[in-house]
Amino acid sequence: MSHRKSHRRRRKREEARKRARGRGCCRWSSGGSSPEMEAPTRAENDEGEGERGDVVAIWLLDAPIEDQNPPAPKRRHGSSVYTLKEMEEATNSFSDDNLLGKGGFGQVYKGTLRSGEIVAIKKMDLPSFKEAEGEREFRVEVDILSRLDHPNLVSLIGYCADGKHRFLVYEYMHKGNLQDHLNGIAEVKMDWPLRLKVALGAARGLAYLHSSSAVGIPIIHRDFKSTNILLNTNYDAKISDFGLAKLMPEGQQSCVTSRVLGTFGYFDPEYTLTGKLTLQSDVYAFGVVMLELLTGRRAVDLTLGPNDQNLVLQVRHILNDKKKLRKMIDPEISRSSYTMESINMFANLASRCVRADSSERPSMVDCIKELQLILHANTKGLSMTMHTFRMI
Numbered sequence: 013m014s015h016r017k018s019h020r021r022r023r024k025r026e027e028a029r030k031r032a033r034g035r036g037c038c039r040w041s042s043g044g045s046s047p048e049m050e051a052p053t054r055a056e057n058d059e060g061e062g063e064r065g066d067v068v069a070i071w072l073l074d075a076p077i078e079d080q081n082p083p084a085p086k087r088r089h090g091s092s093v094y095t096l097k098e099m100e101e102a103t104n105s106f107s108d109d110n111l112l113g114k115g116g117f118g119q120v121y122k123g124t125l126r127s128g129e130i131v132a133i134k135k136m137d138l139p140s141f142k143e144a145e146g147e148r149e150f151r152v153e154v155d156i157l158s159r160l161d162h163p164n165l166v167s168l169i170g171y172c173a174d175g176k177h178r179f180l181v182y183e184y185m186h187k188g189n190l191q192d193h194l195n196g197i198a199e200v201k202m203d204w205p206l207r208l209k210v211a212l213g214a215a216r217g218l219a220y221l222h223s224s225s226a227v228g229i230p231i232i233h234r235d236f237k238s239t240n241i242l243l244n245t246n247y248d249a250k251i252s253d254f255g256l257a258k259l260m261p262e263g264q265q266s267c268v269t270s271r272v273l274g275t276f277g278y279f280d281p282e283y284t285l286t287g288k289l290t291l292q293s294d295v296y297a298f299g300v301v302m303l304e305l306l307t308g309r310r311a312v313d314l315t316l317g318p319n320d321q322n323l324v325l326q327v328r329h330i331l332n333d334k335k336k337l338r339k340m341i342d343p344e345i346s347r348s349s350y351t352m353e354s355i356n357m358f359a360n361l362a363s364r365c366v367r368a369d370s371s372e373r374p375s376m377v378d379c380i381k382e383l384q385l386i387l388h389a390n391t392k393g394l395s396m397t398m399h400t401f402r403m404i
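Going letter by letter, the sequence shown gives residues 13 to 404 in this note's numbering.
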């Protein structure tokens, strides 16, 4: 009898802990061997890729989505779990006045938590035909971002998984995304030193993902682009949107995927043709962003003629032509903010990043080193020019 009572007490304590931990909305279980597993489980492979896939979380796959709860990841930032009510309060019931933007899987709202902290809240819409895909992106982003800690990656503050509702809560980036600044949507025009600063910050973020220091194996972002580079009040660049991120199989240099995922205009040609994904796929996308910074043009502009829509195809052949290069420079860049030496160095690096053969592309560590030299060359060149003017 005492054994039965003891067993019942243990069950009640365990149920109480689960309710307290999830605040009525979540029952998390971390990837790996968790004592909270309650049903047969298997690793969720990204698009069924290989035997290993993205082992970023173990989930209860036999239960319907609304009965599942996101895994409690290894948190470096102390990610919080929120309720649907808290998300509604933070956004004033998802008021249009707080709408920051829309994406493939929902809307992003500006929100204010009960603590007074201003955040960005991604409300994920999961239509039936995209439910599994959207759910996978949610799981991957929560698990990966909760493990990462770098000044050039956006911080995940928390999340909510209440029934079928899914929310991601991020630090608020006051200056929006890079593309808005380059395309004139944002008020502030970016001079050349600021563009170099953004490129260097984004390069550092990608290098951190590729370095294995975060989760023990390299991470491929797979959707690096100018809209996923967010800027804070100091214009520090932070990479966002890890829903398509891929963990590189341990000890391998590439992985073959069954579907090519990402954004048109930033696709690595090798990845598109073969399905083989590598760290160099991110390097290619970084090169495209460099071209956007240099020219002020979009990676893909459907308003142009068929032969001019793709930025890489449009400019790649003249990146190392110093005479033609001058005509490519974004006219919004103040002439007094750059030297042609730094422009030429930047264009040369970009041209190597977008080479068709991935083996000819530099690593992100190499990109950081070269961008530091470019920034130094530009600063030194401008100082010498100013000194010459003073002498005159």
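No residue lacks a Cβ here, since even glycine has one placed at the ideal position from N, Cα and C.
Helix, strand or coil: how does DSSP classify Thr-351 here?
coil
Could you tell me which of Ala-198, Leu-180, Thr-351 and Phe-179 sits nearest to Lys-187, measuring between CA atoms?
Ala-198
For His-405, name the three-state secondary structure that DSSP assigns.
Here the chain has residues from 13 to 404 only, and residue 405 is not among them.
How far does the beta strand (DSSP E) with Phe-117 in it extend, from its first residue to its last?
Neither: Phe-117 is in no beta strand (DSSP E) and is coded neither H nor E.
Cβ-based burial, Lys-381 [other Cβ within 10 Å; buried from 16]
exposed
The beta strand (DSSP E) with Met-136 in it runs from where to where?
130–136
Under a three-way DSSP split, which group does Asn-189 fall into?
strand
With distance defined between alpha-carbon atoms, name the residue in Asp-280, Gly-217, Asn-244 and Thr-239 nearest to Ile-231.
Gly-217
Can you check which of these residues, Leu-125, Gly-228 and Phe-106, is closest to Gly-263 by C-alpha distance?
Gly-228
Cβ distance (whole Å) where Leu-316 is taken to contact Ala-362 below 8 angstroms:
About 20 angstroms; that fails the 8 angstroms criterion.
Rounded to a whole number of angstroms, what is the C-alpha to C-alpha distance between Val-268 and Tyr-283?
9 angstroms
Verify the contact flag: Asn-319, CB atom, against every heavy atom of the ligand GDP, threshold strictly below 6 angstroms.
Absence of the ligand GDP from the depicted structure is noted, as is the absence of any ligand whatsoever, leaving it without description.
From the DSSP output, in three-state form, read off Ala-198 for me.
coil
Counting pairs of Cβ atoms below 8 angstroms between the stretch 239–255 and the stretch 208–224, do you hit three or more?
yes
Going by the beta-carbon positions, is the gap between Glu-344 and Gly-393 smaller than 7 angstroms?
no
When the Cα of Ser-158 is compared with those of Lys-122, Ile-241, Asp-253 and Arg-309, which residue comes out closest?
Asp-253
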